[in-house]
Structures are given as C-alpha cells and as structure tokens.
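Working notes for the structure below.
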Amino acid sequence: MLTHLTHSTDLTHLTIQLLKPENVMKTKLLLTALALVTATAQAKLNVVATTPDLAAIARDIGGEKIEITTLAKPTEDPHFVDAKPSFIVKLNRADVLIEGGAELEIGWLPPLLAGARNAKLAPDAPGYIRCNEGIQMLEVPATLDRSKGDIHAAGNPHFVVDPENAKIIARHIADSFCKSDAKSCDAFRANLKKFTDALEAKLAAWQKQLEPFKGQQVVAYHNSWPYFGNRFGLKIDLFLEPKPGIPPTPAHLAEVITKMKADNVHVIIVDPYLNRRTAETVARNTDATVVDVAQFPGGVKGTDAGYIQLMDYLVNALAKALGEKK
Ligand SMILES: [Zn+2]
C-alpha cells in the first residue's frame, strides 16, 4: 500500500479508503506501525568516524544503537585522506563526529566540516569527540616549525595503538553517546565496561608475549608507532622517512642501513599505504624482515573484526619477526 503514496491520486484514493468506518481500525494500526518504524529509525545515533580504528571502538560501544560511517579507508594514509563531496553530506546528517585530533586530520577534515554546516558538530557540542583529550601526547615539539614539512606539528597523533589510550577513547565515546542518546546510556556504559575488561585481560597477555624482546629496536617507515613501542617496551625510533610526511631519500636510507647494521636491527614495519618496495630494498641490504602492519582494523588481512583483533595481529606479527633472530 505504501508504494502507491508517491501518486497524489492514489493518495486521495487511499485516504478515502482509510476513512471508511470499516477501515478506521486498520488506519489506526497503520499509523501506529508507521510511528514505530519512524521511532526506530530515529533511535539510532548517526555517527561519523574519521578513521577505522575509532569507528571500530565506537562500534563496540554503540552496538545496535548506532549507525556508523567511516571516512578514511583502512588502507588509506590518515594524514592524506581523499576528501569526497559525499563526506559533506554524511557530516551534515551526523549526530556525532569522532576524530583523532592532534592535527591528524588537519589536511582534509576542516573544509568538509565547514561545508557540512551541522550545529551538532560545533566545536563545543557534545556530538564532537576529539579523542586526543586526556591522552598523554608524545613528541610535542618545543617550538612549532612547519617549514621543514613535519606533519606531526602538534605531537605524534598515532596514539590509538596503545590499549591504555583506547580505553580513554572508549570512555570519551560512551560519554558523548550518553549525552546524545540518554535513553541508551545504560547500554553504552555496559558496552564500555565489556570493552575495557576485555582489553585489560588482553593487555596483560600482549605484554607477556612481547616481554622477551624488551628494549629491541624496530625500524618503521613512518613515525606512527611510539605509543605502541612505549607500551610494549620496543624502541621504534628509526624511520625510512627523514621526517614524518617527507619521502625517503637515498642519503637518508644509506644512513638508516648503516645504523641497522651497526645495531643489528632486523625488523622493518610498513603500513599498507606506504612504499613497501623501499622497505624491501633496505631489508635486502640489512638481512632484515619486512612486516606488514596497520593501525586500522582491516588494514592488513585478518583484522576486520575490530580493535582487539588488530592488536592481536600486531603483537603476534612482531613477536614472530623479532623471534626469528638473525
Ligand atoms: Zn603521522
């Protein structure tokens, strides 16, 4: 019956039919059903997350109560996301926006947000979640100098891969969801507890697994692993990029190779959006292993299920590569 509603003649016909005494009860039932459908549709919070790691945590907290859109792909560099016009529409309709903050999205999100003109996502609105709030930022520069091209001008923005930070982020998300949908707050709080408990149990196991490699050095392509390194006792402080966001140069790579040989470093980690071939060239010169890693669930195979599965993958992959000592 509802498929005919687009035609005004059908609508008139329908109205006449519904107003007939024998159909009044049916009309009431129909209207009640429609109201229920509308209420259910409105009940879900419309959430936009900038990156898939934040979306995964939001999904664990929001469950069935939210509808989530992720802007960056799991295989996309979060500093340089392809900003599609459709993102403006998504942001315009959102109740909640979750961003990493600390300038991670500064190159692409602000113009989209301005275009979306959504009061729910105003800077001080409860629907605007900046995940870096309350996070102990690493590598905050003493003096701001963007002239050299460093894209980590507000400190290192890749903090989600530390499970302790994931707990803080989950709490921010639950707080915001509660403000936007008070009726579902108990469910959000219960999910938060479930996520935090699971993470705490896992964290102890992960730390134990990486314990034998404490203090070992690992080379990364881009400087996105200091939080992970700190949490698990690894030194991930030698990079193929001379500066974050600046592509490797032959002179810089020669320097890295010399250091790797001198200190017997034999693991290089590479995110999916970076140039694996460069890492392979360095690995050939140093007898090292290239390990595919990602900060986002789905960025490497077998990590689609969410944050905990991704961390499982990362810990296993590093323990395996570091265990094959050369
Ligand atoms: Zn970065």
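Under this note's numbering, the first residue of the sequence shown carries the number 125, and numbering increases by one thereafter.
C-beta atoms are modelled at their ideal positions from N, C-alpha and C, and glycine is treated no differently.
Quick check on DSSP: helix, strand or coil for residue i?
i    : result
L438 : helix
D299 : helix
R400 : helix
Y345 : coil
L126 : Because L126 carries a pLDDT of 39, less than 50, the predicted location of this residue cannot be relied on, and the following value inherits that uncertainty. The answer is helix: DSSP assigns L126 an H, G or I state.
A445 : helix
L236 : helix
N242 : coil
Q259 : According to the sequence as given, residue 259 is Ile; it is not Gln. Residue state, collapsed to three classes: coil.
R183 : helix
V171 : strand
V406 : helix
A294 : helix
E229 : coil
D177 : helix
D305 : coil
G190 : What sits at residue 190 in the sequence shown is Ile, not Gly. Here I190 sits in strand by DSSP.
T320 : helix
A266 : coil
D310 : helix
K425 : coil
I432 : helix
P287 : helix
Cutting at 6 Å between CB atoms, please list the residues of its own chain near residue i, excluding the five before and the five after it.
i    : result
D274 : K367 and P368
T193 : V172 and K214
L434 : P421 and T427
K303 : P250
R355 : D286
E191 : K168 and N170
Can you list, in chain order, the residues of its chain with a C-beta nearer than 8 Å to that of residue i? Leave out the 5 residues immediately preceding and following it.
i    : result
T164 : Because T164 carries a pLDDT of 48, less than 50, the predicted location of this residue cannot be relied on, and no value is offered for it.
R241 : N216
Y397 : T199, E200 and D201
K383 : L362 and V389
K326 : P287, I432, M435 and D436
L377 : L364, T402, T405 and V406
G353 : V342, K359, I360 and D361
A429 : P421
Leaving aside the five residues before and after residue i along the sequence, list all residues of the same chain whose C-beta is less than 7 Å from its C-beta, in chain order.
i    : result
S300 : V220, P250, G251 and I253
L245 : L215, A218, L221, L237, G251 and Y252
A196 : T174, T175, P176, P202 and V205
G187 : A311 and N315
L233 : T174 and E223
A226 : N256, M261, A278, G279 and P281
V380 : V343, L362, L364 and V406
T136 : Low confidence applies to T136: its pLDDT is 41, below 50, so where it sits in the model is not reliable enough to give any reading.
G231 : H203 and F204
P336 : none
Y437 : V424, G426 and T427
A93  : Since the first and last residues shown for the chain are 125 and 450, residue 93 lies out of range.
H346 : F363, E365, P368, D395 and L398
K291 : T320 and L323
Would you list the residues sitting across from residue i in a DSSP beta bridge?
i    : result
Y252 : L221
G279 : A277
D416 : V394
Curious, which full-length beta strand (DSSP E) runs of at least 3 residues does the region 195-224 contain?
-> 220-223
If you scan the region 328-391 from start to end, which runs of the beta strand (DSSP E) of 3 or more residues do you find wholly inside it?
-> Taking only runs of at least 3 residues, the beta strand (DSSP E) segments lying wholly in the region 328-391 are 341-344 and 359-363.
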